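>
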Amino acid sequence: MKLGIVGLPNVGKSTLFNSLTKAGAESANYPFCTIDPNVGIVTVPDERLTLLGNFYASKKVTPAAIEFVDIAGLVKGASKGEGLGNQFLSNIREVDAIVHVVRCFEDTNVVHVDGSVDPLRDIETINLELIFSDIEILERRIAKTSKGARNDKTLAKELNLLTRIKEHLEEGKLAKSFEANDDDEKELLISYNLLTYKPVIFAANAIEDDLADDGSSNQYVNSVREFAKQESCEVFVVCAKIEQEIAELDEDEKKMFLEDLGLMESGLEKLIKASYSLLGLISYLTAGEDETRAWTIKKGTKAPGAAGKIHSDFERGFIRAEVVNYKNLLDCGSYSAAKEKGLVGLEGKDYVVKDGDVILFRFNV
Ligand code: GDP
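In this text, residue positions in the sequence shown follow the numbering used here: the first is 1, and each later residue adds one.
This is how it looks when you write it as structure tokens:
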């Protein structure tokens, strides 16, 4: 999974990105922690994995990972190429979801590009740039499709769709809220990979005092929540400055620090949960002496598709899956005991994988 962090300058993107990736990189020695200064790998905290790893005394425990991309440089006029804008916009095309950081804190020492704190105006500024960029993509496609549309019914239908989406965007609306007439149209809409079709999580960057009541006494946060509700987006309240401090701490210190603030989890954990929920993701596990590992899949993925996450050969040669819920496995004390109790299922290619399944795939090479 790849998440892109966007937002206007000076809202706290880099502070958040640095603290998230630092905290995430320290929680496990993931093989590729720093690919690029703007790309960071964060591991997904998962207690089940730790328990299973101990159970098998695994040599290696590999958590699921999320890639974060810090997409700086999105400013008013970016879609017109201002401030390297177009390059940044093309980076956003590659992500699965957008984390949109909005400034909900006042601080006279930190200049706001538009002179005042106003999260809804900021969201609109960014959204407009994304909309402009999408319109450009659509215009290019319309030009291409128009050529053949006169003699080709399918192309004519697509041209009609493209034109309707463009009109929708021109009203200042996002592609996400466009209503397709049928499944074919929906499939095409997805294939355009429009920026404003991507799921969005708002990170309301608030002040330390807002954390205890999850921002409910901060008027800026409330306005973001209201907006997000209309757009079916997730919101999480964070204080980038505090995250930066948390990232410097070890596990025990971190726990105490969070308790002092009246919090159960760090911003990173909140963000990971919000993204899993928004993107409809779950994890299944593979376990053994050599390695215990978590794999991220979309809810509803069937066994062969889940196997394909590990290796395409597993999907191609899929025979069956031996499946046991992680808790049942731990409770039974051993794999064979779980088998004896009938808790290990032999599942075929139509089995829909569940969150927390421990799976052993059988396949032909
Ligand atoms: P970016 O341009 O969006 O990447 O913003 P930065 O992360 O570089 O932050 C801009 C300035 O705001 C820096 O001086 C940060 O220290 C400050 N800043 C970031 N987050 C917070 C916050 O939660 N509270 C306060 N008061 N300042 C912050």
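Yeah, the Cβ is synthetic: ideal placement off N, Cα and C, and Gly gets one too. None of these values were measured; they are calculated from a predicted model.
Could you check how far apart the C-beta atoms of V366 and L3 are, in whole angstroms? I think they sit under 8 Å.
Within the shown structure, residues of the chain are numbered from 1 to 365, placing residue 366 beyond reach of any answer.
> Expressed to the nearest angstrom, what Euclidean distance is found between the alpha-carbon atoms of N325 and E245?
Taking the straight line from one Cα to the other gives about 37 Å.
> Would you tell me roughly how many angstroms separate the C-alpha atoms of L263 and A212, rounded to the nearest one?
Roughly 7 Å separates the two Cα atoms.
> Tell me the rounded alpha-carbon separation between F361 and K327.
For F361 and K327, the distance between alpha carbons rounds to 19 Å.
> Is it the case that the region 56 to 75 contacts the region 276 to 296, given that we only count it when at least three CB pairs across the two stretches are under 8 Å?
Yes, since at least three Cβ pairs between the region 276 to 296 and the region 56 to 75 fall closer than 8 Å, the two stretches touch.
> Under 8 Å, do Y197 and L189 count as touching if we go by C-beta distance?
Cβ atoms of Y197 and L189: closer than 8 Å.
> To the nearest angstrom, how far is it from the Cα of I165 to the Cα of F178?
Their backbone Cα atoms lie some 7 Å apart in a straight line.
> Look at the Cβ atom of G345, then the Cβ atom of V323, and state whether they are nearer than 8 Å.
It is a contact, given that the beta carbons lie within the stated cut-off.
> Which residues in the same chain have their Cβ closer than 6 Å to the Cβ of T301, if we skip the five residues on either side of it in sequence?
If we look at T301 and ignore the five residues flanking it on each side, its Cβ neighbours are V353.
> Is the beta carbon of D134 less than 8 Å from the beta carbon of L195?
In contact: D134 and L195 (Cβ atoms closer than 8 Å).
> Determine, using beta carbons only, whether G7 and V117 come nearer to each other than 8 Å.
No. Outside cutoff.
> DSSP on F257, reduced to helix/strand/coil?
Three-state result, F257: helix.
> For S133, verify whether its CB is less than 7 Å away from any heavy atom of the ligand SAM.
This structure lacks the ligand SAM; the ligands present are the ligand GDP.
> Please indicate yes or no: does the CB of P9 lie closer than 7 Å to some heavy atom of the ligand GDP?
Yes, since a heavy atom of the ligand GDP falls inside the 7 Å radius drawn around the Cβ of P9.
> When DSSP labels each residue in this structure, what does V367 get in the three-state scheme?
Residue 367 lies beyond the residue range present for the chain, which begins at 1 and ends at 365; the question has no answer from this structure.
> When you measure from the CB of I207 to every non-hydrogen atom of the ligand GDP, does any distance come out below 7 Å?
Yes, Cβ of I207 sits closer than 7 Å to a heavy atom of the ligand GDP.
> Between the C-alpha atoms of S232 and H311, what's the straight-line distance to the nearest angstrom?
The straight-line gap from Cα to Cα measures roughly 34 Å.
> Figure out for me which residue from L49, V365, G356 and E251 has the closest Cα to the Cα of E315.
The candidate whose alpha carbon is nearest that of E315 is V365.
> With H, G and I counted as helix, E and B as strand and the rest as coil, what does DSSP make of A28?
Because A28 carries a pLDDT of 43, less than 50, the predicted location of this residue cannot be relied on, and no value is offered for it.
> Using CA coordinates, which residue listed in K339, P9, S19 and K341 is at the minimum distance from L271?
Looking at the Cα atoms, S19 is the closest of the given residues.
> Kindly identify the DSSP beta-bridge partner or partners of N276.
With the sequence shown as reference, residue 276 is identified as Tyr, and Asn is not the correct amino acid for it. BP columns for Y276 are empty, so no partner.
> Measure the CB-CB distance between I282 and E234 and report whether it falls below 8 Å.
Going by C-beta atoms, I282 is not nearer than 8 Å to E234.
> Mind checking whether the beta-carbon of V110 lies closer than 7 Å to any heavy atom of the ligand GDP?
V110 Cβ: within cutoff of the ligand GDP.
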